[in-house]
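Colleague:
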Amino acid sequence: MSLENKQISSENTSNFKPLIVAFCCNWCSYAGADLAGTSRLNYPANVKIIKVPCSCRVNPNFVLRAFQRGADGVVIAGCHPGDCHYTSGNYYTRRRFTLMKNLLEYVGLEPERFKVDWISAGEGNKFAAVMNEALEQVHKLGPNRKLRDARWKR
Amino acid sequence: MGRMKIIPDAKKKELQQILEISGENVKDCMQCGKCTAGCPASSSMDILPHQVIRLLQLGQLDKVANSQTIWSCASCFTCTTRCPRNIDLAKLMEAVRLTIIRSKGSSRLKADDVPGKIDPKMPQQAIVSGFRKYNK
Amino acid sequence: MEKIANKVRETARLALANGEVNKILGWKKGDFWYDSYPAFITEEEGTASLIWDSFCVANLSKYLIEQLKEDIKVGVFLKGCDARAFNQLLKDNRVDRDKVVIYGLPCPGMIDPEKVKKAGLAKGLLDVQKSEDEVVFITKEGEQKFSAREFAYDKCLTCQYPNPVVYDELLAEEVERNNTTEYFYQDVEEIEKMSPDERFAYWVEQFSKCIRCNACRNVCPACSCEKCIFDNSKANVAGKAKVDSEEQFFHIVRAYHVAGRCVDCGECSRVCPVGIPLAKLNRKIIKDITEFYGEHNAGVNPSLDAPLETFKLEDIDPFETRAKGGK
Amino acid sequence: MQRIGVFVCWCGTNIAGTVDIDQVKQAAEKIPGVVNVQDYQYMCSEVGQNLIKNAIKEQKLDRVVIASCSPRMHEATFRKAAKSAGLNPYLVEIANIREQCSWVHKNKEEATEKAIALVRAAVAKATLNTELVPGEIGVEPRALEIGGGIAGIQTALDIAEAGYKVDIIEKTPSIGGKMAQIDKTFPTLDCSACILTPKMVDASTHPNINLYTYSEVEAVQGYVGNFEVTIRQKARSVNADKCTGCGICTDKCPSKKAESEFDEGLRKRGAIYIPFPQAVPNVPVIDREECLKFKTGKCGLCERVCPSGAIEFNQEDTLVTQKYGAIVVATGYDLINLDKFGEYPYTEHPDVITSLEFERLTSAAGPTAGKFLRPSNGNKPKKVVFVQCVGSRDKSSRGKTYCSKICCMYTAKHAMLIKEKYPEIEVYVFYIDVRTPGKNFDEFQRRAVEEYGVNYIKGMVGKVFPEGDKLQVHGVDALSSETLIIDADMVVLAAATKAKDDAQELGRKLSISTDANNFFTEAHPKLRPVETHSAGIYLAGACQGPKDIPETVAQSSAAAAKAIGLLNKGKLVNNPCVSQVDEQICSGCLACTKMCPYEAISSQVIEVKEQGKIVKKTVAHVNEALCQGCGGCTVTCRAGALDLKGFMNRQILAEVDAICL
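Residue numbers (the numbering used here), protein chains in the order written: chain A, -15 to 138; chain B, 15 to 150; chain C, 8 to 334; chain D, 198 to 858.
(1) With distance defined between alpha-carbon atoms, name the residue in A:GLY92, A:SER72 and A:ARG41 nearest to ILE259 of chain C.
(2) Return the chain-ordered ranges of every beta strand (DSSP E) run that is complete within the stretch 12 to 46 of chain C and spans a minimum of 3 residues.
(3) For GLU513 of chain D, would you say it is in contact with chain B, using Cβ-to-Cβ distances shorter than 8 Å as the test?
(4) Along chain A, in chain order, which residues have C-beta atoms closer than 9 Å to that of VAL260 of chain C?
(5) State the DSSP-derived secondary structure class of TYR625 of chain D, mapped to helix, strand or coil.
(6) Please classify CYS208 of chain D as buried or exposed, where buried requires at least 16 other C-beta atoms within 10 Å of its C-beta.
(7) If you scan the stretch 544 to 587 of chain D from start to end, which runs of the alpha helix (DSSP H) of 4 or more residues do you find wholly inside it?
(8) With distances taken Cα to Cα, identify the nearest neighbour of VAL289 of chain D among D:GLN199, D:ARG725 and D:ASP674.
(9) Please state if the CB of LEU3 of chain A and the CB of CYS298 of chain D are separated by a distance shorter than 8 Å.
(10) Identify the continuous beta strand (DSSP E) that holds ARG339 of chain D and give its terminal residues.
(11) Name the two residues that bound the continuous beta strand (DSSP E) containing TRP85 of chain B.
(12) From which residue to which residue does the beta strand (DSSP E) around PHE153 of chain C run?
(13) Just to confirm the assignment, what range does the beta strand (DSSP E) spanning HIS818 of chain D have?
(14) How big is the Cα-Cα spacing for ILE236 of chain C and TYR420 of chain D?
(15) Identify each residue in the stretch 307 to 331 of chain C for which the Cβ-Cβ distance to at least one residue of chain A is less than 9 Å, and report them in chain order.
(16) Would you say the stretch 123 to 133 of chain B touches the stretch 101 to 112 of chain B, given that touching needs at least three Cβ pairs under 8 Å?
(17) Alpha carbon to alpha carbon, what distance is there between LEU354 of chain D and PRO747 of chain D?
(18) Assign TYR530 of chain D to buried or exposed, taking buried as 16 or more other Cβ atoms, counted over all protein chains shown, within 10 Å of its Cβ.
(19) Determine the chain A residues that contact ASN846 of chain D at a beta-carbon separation under 9 Å, and present them in chain order.
(20) Determine the DSSP secondary structure at CYS206 of chain D, reduced to helix, strand or coil.
(21) Cβ closer than 9 Å: which chain B residues qualify as neighbours of GLU647 of chain D?
(22) Do you know offhand how far SER710 of chain D's Cα is from ARG41 of chain A's?
(23) Could you name the residues of the same chain whose beta carbon sits closer than 7 Å to that of ALA838 of chain D, not counting the 5 residues immediately before and after it, in chain order?
(24) At the 8 Å Cβ level, is GLU50 of chain C part of the contact set with chain D, yes or no?
(25) Hey, would you say SER36 of chain B sits closer than 8 Å to MET59 of chain B, going by beta carbons?
(26) Measuring straight from C-alpha to C-alpha, what distance separates PHE326 of chain C and TYR70 of chain C?
(27) Could you check whether the stretch 309 to 325 of chain D touches the stretch 237 to 245 of chain D, counting it as contact only if at least three pairs of C-beta atoms, one from each stretch, sit closer than 8 Å?
(28) Between which two residues does the alpha helix (DSSP H) harbouring ARG96 of chain B extend?
(29) Go ahead and pull the three-state DSSP assignment for ASN652 of chain D.
(30) Let's see if you can read the secondary structure: which residues bound the alpha helix (DSSP H) around GLN213 of chain C?
(31) In chain B, what lies closer than 7 Å to ASP674 of chain D by C-beta?
(32) How long is the line joining the alpha carbons of VAL143 of chain C and GLY111 of chain C, rounded to whole angstroms?
(33) When burial is assigned at 16 or more other CB atoms within 10 Å of the CB, is LYS152 of chain C buried or exposed?
(34) With respect to the beta strand (DSSP E) encompassing GLN136 of chain C, which residues constitute its N-terminal and C-terminal limits?
(35) Measure the CB-CB distance between GLU337 of chain D and ASN423 of chain D and report whether it falls below 8 Å.
(36) Do you know how far the Cα of HIS64 of chain A is from the Cα of THR831 of chain D?
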């Protein structure tokens, strides 16, 4: 039974539909997501992708905003270190979000809610696997209330 | 194992003889080891078939001549058919054997020894060819 | 300290007199014993009011941004942490080194009035005098002596750079770098030990006190943008509503913006009127940077690249979950 | 309020099978700003495109959102359609409801819900889209070739033949490079000079080629199509226009102590010298560190004997600045230093030589006139041992981890050259692996073994030390597990190749990256092998990685083709999604300039009005021709003064908000 089906059956008992916002770089991870599509690899519909030119375009503000507006998990996906279309963008992503992830955990966010991963254009499998895993973990944790704006009803 | 000095000229005459008898060029061998890998008799050999060629390339004839290997070789020609470099190793083995038994007093098998070794189930042709193989 | 204070006044007077500088930034005494506030002096006679005591905690370097907009030369008194702040401003192109004359003041550590008040010693206090490691509280009734460490600011207890790292003239002998007995990152580790929920509860409680007065921002030598992103309505990140998530957003982003640039002067925590321990956020990042990318003391050597403006190929990668190539 | 049109594609059943198109349409209609919603089976078809074009015109749409397949598939198609209907193509947004929705989800209800969210996000972004116009930049029809070896010569000739001007910068006094030093070439054993020197002459006489020998790159500015390169022409001390190349000066020069670079130190040369007889240009140069006139002030003999008065002791370095549209880097390689390989007494014993020294020793034009003699005593050697992989495939600090690629072949060549001239010399080659991929390469190496009787021994030499007038070589034959001792007369070391020591410095000047081994990095190891990450800069030859001559020439022509393609364009269109600076907000901290991978951001001083006064202010400035639009700077900028057109902070935040609805 795929995770998607599992979720549907479990939704009868709990009404929790987690939302995952994924920022994908145009050259590797967004293409990897497309490949997951062309390969018909299932992952849950709760994952929604925002395309950015490079993972280094992702501002920590965007991540915080997603949590604020009700995302239960956030994923940033970029090219593997060394493969960046812009030579070195993802190296900056790596440093920035190594610190940012730790800071978010320091203020109490569960580590599973925020992920960074490297997914190449050829890794449709990995894309689906990363998203499935992220969703599974977030599902276990339940809805996110931390950093969330209570006025913003999803 | 002590260090050895390569003196390729040392056994030049014998080596040349082997190459003449066999008509094979040991230099063609790239030491891929396919002969050894396919040899059905390799388990009873002290030097493996590809090592035989390597030693010949290095001029180490003594080591080959004193080995069990040349006598274990059944001349089944598996190595020959499979060699990617077109070397007939079976012929080379035969040539080594010949150089040995041709030298004075080096017959491997004397006519008198034959009756004792005969197995009634063995084909007669094998007995004859075995005798030919091991005697001048 | 009084000897040095005399030197402060004399230095300032001379500098204005011989035209070396047009303006002096120093400290003046206010109405209360704990009140030593920034002074901007342009006339020679004004220098007589300058002081140097155990309450000159205010960092003068950030005032330079405004002061240097005029085409003048400014003389400024800087302590160890202030000098690091100055270097950070220099790195951010916010001050012009050529227009500043720095008088370095090795700092023996400042006294935290809050700790004095808490100890019940504030009543009737006339003067506070500090020697090497003793502090004397003087009231009408007499004198009381204590260990100086007891009343020092928390930030002074962990101070690594009491001596100015940049100056044109040093006004006193360098003090010994105090080797703290407490472990340097104790405050951070206490929080790290908690569970995620405990940590969140802790910070929500802290952040919810925030009144968005922006004092932390205004005092911070690393927060020197012309226009803060939170003041820019076009940037669309700032909400003005008094809700928890807005405060959380602000404080996380504030801490991230000073990542690798915070000089650990602790002024943010000091000036916060509601007592949010902001430095604990900054120090968490400093701790992580040290652990991941090697020690980087912002403002000590302005020629070094800030950790977030550079990278190494072999940086740690906490993110790689699967080997390259997928399944 | 915007007038947004939403077009939902069925993609046959690809989308419509899993996503309820009607529901998506209904939801889209409710989004503020959306004035027109249509669906069609195949939006990318001509009918579909016309549907969009007509709607743009009839409904006066100022934004278009297409819910269809991935933008990687048809974004360009739809942008073109919009453009033809008079709408700026950057006002089109795609909601990817096929690859990232209908194809990955099975449950129709959920997929429909997600499709709606994606449409909502696309509309939210489109609402904030602005018209973007790609800029146009001119291309200077002139190429620069850095390095005058075979790679540089070949590239220059190809570009020149295509009708463009090319300048070659060569660091040494003559073009020719390593190939000029080589005696014979594999796998044909034809004479290197015979095939190279005509090309050198071609390059020097070609009307489109201009040589800057004894010159170096001083500084590089600008960007693709418009590089501005400052060239330092080192003082040659000889006026090239006056010099006739008669060579009297070089003969008469009393200082003959310098080691000839060309002959790898196996011969002495004068302080004024022509590197080798076929040098191009055939003009001597004075080595000021050796010249008595420069050292002591006395001498000046060359000046007196020069019949044309070409000696100019007072020459100084000159700087030339020239504009180029394209740059090809072909700086070549060197051999590693063998000082640390104490097991082979290269530095102590004259009979232990490198492969490049061997080339000179066996060359008919070399110090021994082609006679193969021991450098120590001038006798003919009886046994020669070659050691391969000296420093190659070596993880220790003294070597290089990579395979130097050319050594197997040239060692086979060397062995054959010996055997051809002197069949009686015994030749041994110690190797780890013999690697001979290449046309006719393996056959060549096997010929050395099978026809010439070269003894190939798999294994390394552990130690070489002098004994009497011989060199005792301790090795192993790993195949027979026999240790060996060979009393050799000469040992030739196939030293590893390495990138030029100054490769990194040049890389910095050009803003191109080098790898861990200091070789220049190509833009893509498979698909863009001669391009760099910096547009308009190409790579040729061994500066990109170890290469033999056939490969080098092939890559050179490839680089030339790329450069010609660029020069031929005349004008370049750049990606309009570049960073922009809000100068009002920018504090001038310039953190962005440090992280920009393209050095596209610089600083500028502007005047702004502040409280009634005009004040000067430093702000960041984006060079739109250099910016590639990664957006990394926008995150470095704390104040948000930098933003990326097409992916603005506001747009991405709007997408986040819309998705989270």
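The beta-carbon is built from N, C-alpha and C at its ideal position, and this holds for glycine as well.
Modeller: Well, looking at it:
(1) Position 252 of the third sequence, counted from the first residue, corresponds to residue 259 of chain C. Closest in alpha carbon position to ILE259 of chain C, among A:GLY92, A:SER72 and A:ARG41, is A:GLY92.
(2) 30 to 36
(3) One-based indexing of the fourth sequence puts residue 513 of chain D at position 316. Closer than 8 Å: no.
(4) On the third sequence, position 253 is the one that residue 260 of chain C refers to. The contacting residues are PRO44, ASN45 and LEU48.
(5) Within the fourth sequence, residue 625 of chain D is the residue found at index 428, counting from 1. Strand at TYR625 of chain D.
(6) Position 11 of the fourth sequence holds residue 208 of chain D. Under this definition CYS208 of chain D is a buried residue.
(7) Secondary structure remark: continuous alpha helix (DSSP H) runs of at least 4 residues inside the stretch 544 to 587 of chain D, in chain order: 552 to 559.
(8) Here residue 289 of chain D is taken as the residue at index 92 of the fourth sequence, counted from 1. Checked all of D:GLN199, D:ARG725 and D:ASP674; the closest Cα to VAL289 of chain D is D:GLN199.
(9) As a position in the fourth sequence, residue 298 of chain D is number 101, starting the count at 1. As a position in the first sequence, residue 3 of chain A is number 19, starting the count at 1. Not in contact: CYS298 of chain D and LEU3 of chain A (Cβ atoms no closer than 8 Å).
(10) Position 142 of the fourth sequence holds residue 339 of chain D. Annotation: the continuous beta strand (DSSP E) that includes ARG339 of chain D extends over 339 to 343.
(11) As a first step, residue 85 of chain B must be located in the second sequence, where it is residue number 71. Note, TRP85 of chain B: premise wrong, no beta strand (DSSP E); alpha helix (DSSP H) at 83 to 86.
(12) What you label residue 153 of chain C is simply residue 146 of the third sequence in a count that begins at 1. That run of the beta strand (DSSP E) goes 149 to 154.
(13) For the purposes of this step, residue 818 of chain D is taken as the residue at position 621 of the fourth sequence. Taken as a continuous stretch (DSSP letters only), the beta strand (DSSP E) holding HIS818 of chain D covers 810 to 819.
(14) Your numbering for residue 236 of chain C matches position 229 in the third sequence. Your numbering for residue 420 of chain D matches position 223 in the fourth sequence. Each residue's alpha carbon lies about 32 Å from the other.
(15) PRO314, LEU315, GLU316, THR317, PHE318, LYS319, LEU320, ASP322, ILE323, ASP324, PRO325, PHE326, GLU327, THR328, ARG329 and LYS331
(16) no
(17) For the purposes of this step, residue 747 of chain D is taken as residue 550 along the fourth sequence, with counting starting at 1. For the purposes of this step, residue 354 of chain D is taken as residue 157 along the fourth sequence, with counting starting at 1. Rounded to whole angstroms, PRO747 of chain D to LEU354 of chain D spans 16 Å at the Cα level.
(18) Here residue 530 of chain D is taken as the residue at index 333 of the fourth sequence, counted from 1. Buried, since its Cβ has 16 or more Cβ neighbours within 10 Å.
(19) Position 649 of the fourth sequence holds residue 846 of chain D. One finds ASN43, ASN45 and PHE46 in chain A with Cβ atoms closer than 9 Å to the Cβ of ASN846 of chain D, taken in chain order.
(20) Counting from 1 along the fourth sequence, the entry for residue 206 of chain D is found at position 9. In the structure shown, CYS206 of chain D sits in a strand (DSSP, three-state: E or B).
(21) Counting from one through the fourth sequence, the residue named residue 647 of chain D turns up at place 450. Those within 9 Å of GLU647 of chain D in chain B are ASN39, LYS41 and ASP42.
(22) Residue mapping note: residue 710 of chain D aligns to position 513 of the fourth sequence, counting from 1. Residue mapping note: residue 41 of chain A aligns to position 57 of the first sequence, counting from 1. SER710 of chain D and ARG41 of chain A: Cα-Cα distance of roughly 21 Å.
(23) As a working note, residue 838 of chain D is residue 641 in the fourth sequence. Once the five neighbours on either side are set aside, the close Cβ partners of ALA838 of chain D are VAL778, ASP779, ILE782 and CYS783.
(24) If you number the third sequence from 1, residue 50 of chain C lands on position 43. Chain D contact via Cβ: absent.
(25) Along the second sequence, one-based indexing puts residue 36 of chain B at 22. Along the second sequence, one-based indexing puts residue 59 of chain B at 45. With respect to the 8 Å criterion, SER36 of chain B and MET59 of chain B are not classified as neighbours on the basis of their beta carbons.
(26) On the third sequence, residue 326 of chain C is found 319 positions in, with the first residue counted as 1. On the third sequence, residue 70 of chain C is found 63 positions in, with the first residue counted as 1. Taking the straight line from one Cα to the other gives about 41 Å.
(27) no
(28) Working through the second sequence from its first residue, we reach residue 96 of chain B at position 82. ARG96 of chain B -> alpha helix (DSSP H) spans 92 to 96.
(29) Against the fourth sequence, residue 652 of chain D aligns to sequence position 455. It is a strand residue.
(30) The sequence position of residue 213 of chain C within the third sequence is 206, counting from 1. Under the DSSP assignment, GLN213 of chain C falls in the alpha helix (DSSP H) whose first and last residues are 203 to 215.
(31) Here the question's residue 674 of chain D lines up with position 477 in the fourth sequence. Ordered by position in chain B, the residues that pass the 7 Å Cβ test against ASP674 of chain D are LEU72.
(32) Within the third sequence, numbered from 1, the residue matching residue 143 of chain C stands at position 136. Within the third sequence, numbered from 1, the residue matching residue 111 of chain C stands at position 104. Between VAL143 of chain C and GLY111 of chain C, the C-alpha separation is close to 25 Å.
(33) If you number the third sequence from 1, residue 152 of chain C lands on position 145. Looking at its Cβ environment, which holds fewer than 16 other Cβ atoms inside 10 Å, LYS152 of chain C is exposed.
(34) In the third sequence, counting from the first residue as 1, residue 136 of chain C sits at position 129. GLN136 of chain C -> beta strand (DSSP E) spans 132 to 137.
(35) As a position in the fourth sequence, residue 337 of chain D is number 140, starting the count at 1. As a position in the fourth sequence, residue 423 of chain D is number 226, starting the count at 1. Their beta carbons are under 8 Å apart, which means GLU337 of chain D touches ASN423 of chain D by this criterion.
(36) In the fourth sequence, counting from the first residue as 1, residue 831 of chain D sits at position 634. In the first sequence, counting from the first residue as 1, residue 64 of chain A sits at position 80. In this model, THR831 of chain D and HIS64 of chain A are separated by some 21 Å (Cα to Cα).
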